[in-house]
Structures are given as C-alpha cells and as structure tokens.
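Engineer:
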Ligand code: NAP
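Residue numbers (the working numbering): 131 to 456.
Printed below as a string of structure tokens:
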C-alpha cells in the first residue's frame with residue numbers, strides 16, 4: 131500500500147519535530163518544509179533527518195508553496211510555521227502578520243490551486259481568546275486577542291474557516307492551549323524557568339529575571355498535542371477543536387515547581403523585571419477540551435508537575451553535557 135504523505139511546515143520547531151516523529155510512527159511519508167537560513171537549525175529533527183524529506187519554502191512566498199505541493203502531492207498539510215513568540219510580535223507586528231496571518235492564506239491558496247481535496251490543519255492558539263469572556267474557553271467562546279501574535283492567529287483561524295466554507299475544503303483550525311517540552315524555545319516562560327533553575331542549581335547562574343508572575347496558563351505536554359492535530363484530520367467532516375488540559379497554573383507556581391524539583395527556593399533567585407512585561411497582558415487562560423475528548427477520544431497524558439520535572443531533568447542533562455560536568 132502507498133504510504134500516506136504529509137507536508138509539515140515549521141518542522142524545525144517544537145511541534146513540527148514531534149509531529150514528524152508521530153507521523154513516521156504512523157507509517158506516513160513526511161515532507162518537511164524549511165526556510166533558508168545562513169546556519170542550519172535542525173537540532174530538533176536531527177534524529178529523524180534521514181527518514182524525512184526536507185524541501186525549501188517560506189510562508190512569505192506563494193509560488194514555491196504551490197511548487198512543493200504540486201511536486202509532492204501530500205494528502206495532508208499541517209501548517210505549523212509561524213512567528214510564534216508573543217513579545218517579538220509587539221516589536222515586529224508587521225512581520226508577524228506576514229508570517230502568522232497572511233502565511234496561512236498562502237498555504238491555503240496553494241492547496242486550493244493544486245488539489246483542494248488535501249486535508250489542512252492550521253495551528254491556531256488560545257491567545258486568540260486573550261481578554262477572556264468566559265472560563266473555561268471552548269470552541270464557541272468569543273475571541274479578544276491581546277497581542278499582534280493573537281490578532282495574526284485570529285486571521286489565520288478565520289481564513290481557515292473561510293476556505294472551508296467558500297471552497298468546501300477540509301480545513302481545520304486546532305485551537306491549542308500552551309504546550310511545552312524540553313524542545314520548547316529557551317525564550318518561552320516554561321523553558322526559561324526550567325533552564326535557568328537547572329543553571330542556578332549547577333552554580334552557573336544566580337538570578338532569573340521574569341515579567342508577570344501572576345499570569346495563568348493552561349500548560350500541556352507537546353507530544354499529546356501533536357497526536358491531537360492528527361486526530362483532528364480524521365473525522366468525515368472538518369470541524370475546529372480546542373486542545374487543553376483544563377487546569378491552569380500561574381508563572382509563580384511554575385517557578386515554585388521547577389526550582390522545587392532541584393531543592394531550591396525560587397524566591398531567592400527570581401527577580402521581577404519590568405522589561406519583561408508586555409504592553410497588554412492575557413491574565414488567565416484555561417481550556418475546555420470536552421469536544422476533542424468526546425469526538426476524537428483525545429486526552430492529555432502528562433500532568434503539569436510531571437512535565438516540569440521532565441523539562442528540568444532534560445535541562446540539567448543538557449547543561450552538564452555542555453559544561454563537561456560529572
Ligand atoms: P516554534 O518552535 O516557534 O516553531 C515555529 C516554526 O515555524 C519553526 O520551524 C520556524 O522555522 C518556522 N517558521 C517561522 N517563520 C517561517 C516562515 N516565514 N516560513 C517558513 N517557516 C517559518 O513553534 P511551536 O511551539 O512548534 O508551535 C507550532 C505552531 O503552533 C506555531 O504556529 C505556533 O504559533 C502554534 N501554537 C503553539 C503553541 C504552543 O504552546 N507551542 C500553542 C498554540 C499554537 P525556523 O526554525 O527556521 O525558525
């Protein structure tokens with residue numbers, strides 16, 4: 131039987147790398163789209179590089195997107211590429227809009243031109259809920275994004291819905307709450323805390339400056355979420371789904387758990403940094419994934435505390451290797 135073929139944009143990112151591994155295990159042929167950079171950044175896919183096919187492309191450029199889809203003819207496209215860091219979106223709002231908003235239209239347009247029967251997954255975000263109007267947030271909750279990133283994602287969400295309704299395409303928007311892992315970028319709150327806690331415990335640093343400690347997020351385990359992406363493209367008819375754990379924790383609690391794993395008192399090391407505050411903040415996110423649980427059989431498998439423990443352990447091992455400790 132010919133293996134199913136999937137195109138993954140953003141394959142060098144946290145989710146792209148886990149999704150590629152998951153799809154390979156499911157027997158897929160995986161095509162990963164990477165943009166040209168002056169130095170390669172394939173750390174997250176180094177273990178599977180000989181099992182996937184990498185092709186060049188960029189969300190900014192429509193014609194190569196059409197070429198890639200025409201040449202490889204995937205049956206599923208997962209659009210995970212984005213400028214995904216919220217603080218950067220305040221500094222580079224126009225670029226964020228080009229990648230994270232209009233980039234989605236380019237991918238959808240390429241699919242529509244080549245083969246509108248391709249199933250499409252769009253990586254939407256709980257940041258679209260922003261200043262939340264109900265708790266917990268679900269598929270029907272109205273949106274009120276609070277950053278250029280959230281606004282761009284909201285465009286990506288609606289253009290996905292629009293192509294589904296206008297052209298009868300199988301296009302799905304997965305509204306995912308935060309999900310983390312040892313592969314999370316070092317600038318994101320969870321990884322920043324686990325990495326610096328590990329660094330401090332090894333005597334390689336003493337202080338960790340943080341912004342808003344009161345912000346609350348629904349943090350899940352990234353490998354659970356990529357499994358959910360694949361499940362969302364399985365039903366006969368396309369629909370949007372929320373993925374979340376249904377539990378929320380503050381950044382303060384994140385610090386407490388991460389430093390606590392190492393026997394450290396976080397309050398002695400974490401300092402408040404006004405430079406890390408955002409022009410507009412999202413105070414609380416907590417999702418209701420009942421629809422995904424009932425219709426897709428999806429549920430999270432790793433608790434917040436277990437996840438932070440895994441991330442701290444991975445950062446300790448990484449730092450020990452980098453600094454030739456032990
Ligand atoms: P990530 O680690 O930041 O990865 C982003 C990926 O996008 C990277 O592979 C990056 O490539 C690629 N990319 C950026 N700009 C591009 C462009 N112009 N053309 C082609 N590729 C480009 O993000 P992630 O955490 O894996 O998240 C995956 C997706 O889910 C993103 O769209 C994110 O916004 C969304 N999301 C994430 C979360 C979460 O909690 N992780 C929650 C909700 C939604 P380079 O390696 O070249 O930079």
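Note that beta-carbon positions come from the ideal geometry of N, C-alpha and C, so glycine has one too.
Computed from a prediction, not measured in an experiment: that's the story for all the values here.
Should residue 325 go down as buried or exposed, given a rule of 16 or more other Cβ atoms within 10 Å for buried?
Structural biologist: buried
Engineer: Would you tell me roughly how many angstroms separate the C-alpha atoms of residue 473 and residue 204, rounded to the nearest one?
Structural biologist: No answer is possible for residue 473: it lies beyond the span of the chain, which begins at 131 and ends at 456.
Engineer: At a cut-off of 6 Å, would you count residue 346 as near the ligand NAP, judging by its Cβ distance to the nearest heavy atom?
Structural biologist: no
Engineer: Once you ignore the five residues that flank residue 285 on each side, which residues in its own chain have a CB closer than 6 Å to its CB?
Structural biologist: 231
Engineer: Please classify residue 290 as buried or exposed, where buried requires at least 16 neighbouring CB atoms within 10 angstroms.
Structural biologist: Answer is buried; the Cβ neighbour count reaches 16.
Engineer: Any idea if residue 171 is buried or exposed, counting beta-carbon neighbours within 10 angstroms, 16 or more meaning buried?
Structural biologist: exposed
Engineer: Rounded to a whole number of angstroms, what is the C-alpha to C-alpha distance between residue 149 and residue 141?
Structural biologist: 8 Å
Engineer: Around the C-beta of residue 183, are 16 or more other C-beta atoms found within 10 angstroms, so that it is buried, or is it exposed?
Structural biologist: exposed
Engineer: Below 8 Å, can you find three or more Cβ-Cβ pairs linking the segment 293-301 to the segment 398-418?
Structural biologist: no
Engineer: Just to confirm, does residue 144 get its C-beta within under 6 Å of one of the non-hydrogen atoms of the ligand NAP?
Structural biologist: Checking the 6 Å criterion, the Cβ of residue 144 is within range of a heavy atom belonging to the ligand NAP.
Engineer: If I measure Cβ to Cβ from residue 223 and keep anything under 6 Å in the same chain, skipping five residues before and after, which residues do I get?
Structural biologist: Exclusion of the five residues before and after residue 223 leaves 278 as the residues of its chain whose Cβ lies within less than 6 Å of its Cβ.
Engineer: Are the CB atoms of residue 254 and residue 216 nearer to each other than 7 Å?
Structural biologist: Taking 7 Å as the cut-off, the Cβ atoms of residue 254 and residue 216 do not count as close.
Engineer: So, using beta-carbon positions, are residue 381 and residue 319 closer together than 7 Å?
Structural biologist: Judged by their CB atoms, residue 381 and residue 319 are nearer to each other than the 7 Å cut-off.
Engineer: For my contact list, residue 437 and residue 208 are in at a C-beta cut-off of 8 Å; report their separation, rounded to the angstrom.
Structural biologist: Not confirmed; about 23 Å, so no contact.
Engineer: Terminal residues of the continuous beta strand (DSSP E) containing residue 306?
Structural biologist: 301-306
Engineer: Let me check one thing: in DSSP terms, what residues is residue 351 bridge-paired to?
Structural biologist: 310
Engineer: Chain D beta carbons: is any one of them nearer than 7 Å to that of residue 155?
Structural biologist: In summary, chain D is missing from the structure at hand, where a single protein chain is found.
Engineer: Measuring alpha carbon to alpha carbon, tell me which of 337, 132, 237 ends up nearest residue 196.
Structural biologist: 237
Engineer: Quick one: is the Cβ of residue 309 within less than 6 Å of any heavy atom of the ligand NAP?
Structural biologist: Within the cutoff, so yes.
Engineer: Do residue 385 and residue 400 have their beta-carbon atoms positioned less than 7 Å apart in this structure?
Structural biologist: yes
Engineer: Near residue 327, which residues of its chain fall below 7 Å by C-beta distance, leaving aside the five closest residues on each side in sequence?
Structural biologist: 388, 389, 392, 394, 442
Engineer: From the DSSP secondary-structure annotation, give me the bridge partner or partners of residue 161.
Structural biologist: The partner list for residue 161 (beta bridge, DSSP) reads 137, 183.
Engineer: With respect to the alpha helix (DSSP H) encompassing residue 242, which residues constitute its N-terminal and C-terminal limits?
Structural biologist: 233-244
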